[in-house]
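**Student:** Take the sequence shown: its position 224, counting from 1, is numbered 223 in numbering that gives the first Met the number 0, and each next residue is one higher.
Don't be surprised by glycine CBs; every beta carbon is placed ideally from N, CA and C.
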Amino acid sequence: MCRILVFVLTVVSAWGAEAAAQEWAKKMFPTTSHDFGIVARGSKQEYSFQINNIYKEDVHIAGLRSSCGCTTPRITQETLKTHEQAELVVAFNTKSFLGSKGATITVMIDQPYYAEVQLSVNGYIRNDVVFQPGAVEFGTVDSGQGAAAAISVSYAGREDWEINDVLSANEHFEVELQEKLRSGGRVNYDMVVRLKPSAPPGYIHDQLLIVTNDSGASNVSLPVEGQVVSALTVSPASLFLGVVKPGDTVKKRLVVRGNKPFRIVSVKCEDTSFRFEKPDAESKPLHFLPVEFKAGDQPGQLEEQIAIETDLSQGGTAQCTARVTIQR
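Right under this line is the structure:
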């Protein structure tokens, strides 16, 4: 009886340790599931799972595994230092699969400890609706300029099929729809999607919801992608200086990029622990700005804004958030 009791306790203890390890890794994923919804055959469908290293140790992602060929996962960065972020991008294969599909994506982590995290995706791929191309792609758009993209919508089935509306939560989209063909159960529409000049700088990962008169699966999603770039950008927008000891000095570099040649007029930060080399007086579209930080005696986490001013007449200022942890 005693042997049995010891054996059971050992197994439970080992299982508990394994579960704790899995939970440790799972905390780095704000989201672990995604529903693509109802999508058209051939449409471009991708979803990005965020990964945040909230720990002091480096995290290394050793590999990815999908339970179904209907999905293809990829990672944007395999090794993450403290506070660094990456994306696990899952592509839904709408060209080779139809109907209801789902997959489990297993993320294998081997540093600082071995763990596996499972993510789930699912969706329904319609075979009677086709978008050409498979996504609205604006590409890179200068801030304030706006853009437009054309999409062809083809349907094969009912003679009375039609699109009733096109919806989006993004107020910076405009859609123009024109019916081009209706014959023998085939219906074609030409769609023009416009990005308003008011769209703010940043990446666009959005959806249009095509509302049809189908009695069942009446809504079909269409991805919208692009990037609105401001006249001036700083990379990285979030500068992590690491974990340092009091008195340590850290040197980093910012990349300041403009859509035309410019000069850096000033670089300011309220914290005097930051020092910046005198900006290059030459007018050019790309500047490299050295940043030096000397840690004070007070331990803790520090977050400061670095303000960069240029001679550009429009959008000539930019900011970068600098973060550092001081430990004794």
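Please classify Phe287: is it buried, with 16 or more other beta-carbons within 10 angstroms of its beta-carbon, or exposed?
**Tutor:** Counting from one through the sequence shown, the residue named residue 287 turns up at place 288. Phe287 is exposed by the Cβ-count criterion.
**Student:** Within the stretch 224–287, note down every full beta strand (DSSP E) run reaching 3 residues or more, in order along the chain.
**Tutor:** Listed in chain order, the complete beta strand (DSSP E) runs (minimum 3 residues) inside the stretch 224–287 are 231–234, 237–243, 248–261, 263–267, 273–275.
**Student:** Would you mind listing the beta strand (DSSP E) stretches within the stretch 170–195 that are 3+ residues and don't spill past its ends, in chain order?
**Tutor:** Runs found: 172–182, 185–194.
**Student:** Could you have a look at Gln76 and say whether DSSP puts it in helix, strand or coil?
**Tutor:** Here residue 76 is taken as the residue at index 77 of the sequence shown, counted from 1. In the structure shown, Gln76 sits in coil (DSSP, three-state: anything other than H, G, I, E or B).
**Student:** List the endpoints of the continuous beta strand (DSSP E) containing Ala148.
**Tutor:** The count along the sequence shown starts at 1 and reaches residue 148 at position 149. Here the beta strand (DSSP E) through Ala148 covers 146–155.
**Student:** Identify whether Gln117 lies in helix, strand or coil by the three-state DSSP scheme.
**Tutor:** Residue mapping note: residue 117 aligns to position 118 of the sequence shown, counting from 1. Three-state DSSP puts Gln117 in a strand.
**Student:** Please name the residue or residues paired with Thr81 in a DSSP beta bridge.
**Tutor:** In the sequence shown, the residue the question calls residue 81 occupies position 82. The partner list for Thr81 (beta bridge, DSSP) is empty, contrary to what the question assumes.
**Student:** Taking Ser142 as the reference, give the member of Asn52, Thr320, Gln318, Val228 with the closest Cα.
**Tutor:** Numbered from 1 along the sequence shown, position 143 holds the residue referred to as residue 142. Nearest C-alpha to Ser142: Val228.
**Student:** Among Ile50, Ser151, Tyr54, which one has its Cα closest to the Cα of Leu87?
**Tutor:** Within the sequence shown, the letter at position 88 stands for residue 87. Minimum Cα distance to Leu87 is reached at Ile50.
**Student:** Spell out the partners DSSP gives Gln110 in its beta bridges.
**Tutor:** Your numbering for residue 110 matches position 111 in the sequence shown. Per DSSP, His59.
**Student:** Is it buried or exposed, Ile325, if we count other Cβ atoms within 10 angstroms and call 16 or more buried?
**Tutor:** What you label residue 325 is simply residue 326 of the sequence shown in a count that begins at 1. Ile325 should be labelled buried.
**Student:** Out of Glu302, Pro245, Leu166, which one is the CA nearest neighbour of His82?
**Tutor:** Against the sequence shown, residue 82 aligns to sequence position 83. Ranking Glu302, Pro245, Leu166 by Cα distance to His82 puts Glu302 first.
**Student:** Is it true that the CB of Asp205 sits closer than 8 Å to the CB of Ser167?
**Tutor:** Mapped onto the sequence shown, residue 167 falls at position 168. Mapped onto the sequence shown, residue 205 falls at position 206. Yes, the Cβ-Cβ distance between Ser167 and Asp205 is below 8 Å.
**Student:** Go to Phe28, then tell me how far its beta strand (DSSP E) extends in each direction, as first and last residue.
**Tutor:** The count along the sequence shown starts at 1 and reaches residue 28 at position 29. Here Phe28 belongs to no beta strand (DSSP E), and DSSP marks it neither H nor E.
**Student:** Applying the 10 Å Cβ sphere with the 16-neighbour rule, what's the burial state of Gln44?
**Tutor:** Position 45 of the sequence shown holds residue 44. So Gln44 ends up on the buried side.
**Student:** Gln318 by DSSP, collapsed to three states: which one?
**Tutor:** The residue labelled residue 318 in the question sits at position 319 within the sequence shown. Three-state result, Gln318: strand.
**Student:** Looking at the unbroken beta strand (DSSP E) that takes in Glu136, where does it start and where does it end?
**Tutor:** Taking the sequence shown and counting its residues from 1, the one referred to as residue 136 is at position 137. From DSSP, the beta strand (DSSP E) with Glu136 extends over 135–141.
**Student:** Which residues mark the beginning and the end of the beta strand (DSSP E) in which Gly201 is found?
**Tutor:** On the sequence shown, residue 201 is found 202 positions in, with the first residue counted as 1. From DSSP, the beta strand (DSSP E) with Gly201 extends over 201–211.
**Student:** Check this for me: beta carbons of Ser42 and Gly133, under 8 Å apart or not?
**Tutor:** For the purposes of this step, residue 42 is taken as the residue at position 43 of the sequence shown. For the purposes of this step, residue 133 is taken as the residue at position 134 of the sequence shown. Yes.
**Student:** What's the C-alpha gap between Leu118 and Phe91?
**Tutor:** The residue labelled residue 118 in the question sits at position 119 within the sequence shown. The residue labelled residue 91 in the question sits at position 92 within the sequence shown. The alpha-carbon atoms of Leu118 and Phe91 are separated by roughly 14 Å.
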